[in-house]
Amino acid sequence: MVKQKVVVKLASLDDSKKRTKALKTAVSMEGIVSVSIDRDRLVVVGDGTDVVSLTNMLRKKLGYAELVSVTSGDDKIREEKEGKISSGSKSSSTPSYQYGYPSAYSYPYPYAYQDSGYGYKSSSIM
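Residue numbers (full-length UniProt numbering): 1 to 126.
Following this line, the structure appears as structure tokens:
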């Protein structure tokens, strides 16, 4: 399995009881390697952990938990890749062309034509 680094945003962890509860809940899952708290974020590194069930357990115990990010746990490889990208050419964030749908073609409306008869004018007195 691949190590995963999961960041979960929690409700305010000012109380030590809430911190302890969050740590115990995270450690109780299978495959957890390390757990740390940084301000209001819980950082969990694990091998094959179920991220959704971890977030649901934290919601049940603490009331609020938002999944912020899930990344691979190999930080050294990621730092090397970032170093290679930053030393190379910078890519622009705007696309070279605009995405969109072509406008719908509307057919012209036909002109109204009214035939007045068989080629002669009818009188209104008749």
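Ideal Cβ placement from N, Cα and C applies to all residues, glycine included.
>> Does A26 pass the burial test, meaning 16 or more other C-beta atoms within 10 Å, or should it be called exposed?
In response: Within the sequence shown, residue 26 is the residue found at index 26, counting from 1. Counting Cβ neighbours within 10 Å, A26 comes out buried, since at least 16 surround it.
>> Quick test of your reading: D47 and G31, contact by CB under 8 angstroms. State the CB separation rounded to the nearest angstrom.
In response: Counting from 1 along the sequence shown, the entry for residue 47 is found at position 47. Counting from 1 along the sequence shown, the entry for residue 31 is found at position 31. Confirmed, Cβ separation roughly 5 angstroms.
> What does DSSP give as the partner residues of G48 in its beta bridges?
Replying inline: On the sequence shown, residue 48 is found 48 positions in, with the first residue counted as 1. Looking at the DSSP assignment, G48 forms no beta bridge with any residue, so it has no partner.
> Which residues does DSSP pair with K9 in a beta bridge?
Replying inline: Looking up residue 9 in the sequence shown gives position 9. Paired residues: R41 and E66.
> Which residue comes first and which comes last in the alpha helix (DSSP H) that contains V27?
Replying inline: Walking along the sequence shown from the start, residue 27 turns up at place 27. Counting along the chain, the alpha helix (DSSP H) containing V27 begins and ends at S16 to V27.
> What residues match up with V2 in a beta bridge as DSSP calls it?
Replying inline: The sequence position of residue 2 within the sequence shown is 2, counting from 1. None; V2 has no bridge partner.
> Cα separation between L13 and V35?
Replying inline: For the purposes of this step, residue 13 is identified with residue 13 of the sequence shown, where counting begins at 1. For the purposes of this step, residue 35 is identified with residue 35 of the sequence shown, where counting begins at 1. Cα to Cα, the separation comes out at about 15 angstroms.
> To the nearest angstrom, how far is it from the Cα of K18 to the Cα of E66?
Replying inline: Here residue 18 refers to the residue found at position 18 of the sequence shown. Here residue 66 refers to the residue found at position 66 of the sequence shown. Going from the Cα of K18 to the Cα of E66 covers about 16 angstroms.
> Do you know how far the Cα of T55 is from the Cα of M29?
Replying inline: If you number the sequence shown from 1, residue 29 lands on position 29. If you number the sequence shown from 1, residue 55 lands on position 55. The straight-line gap from Cα to Cα measures roughly 11 angstroms.
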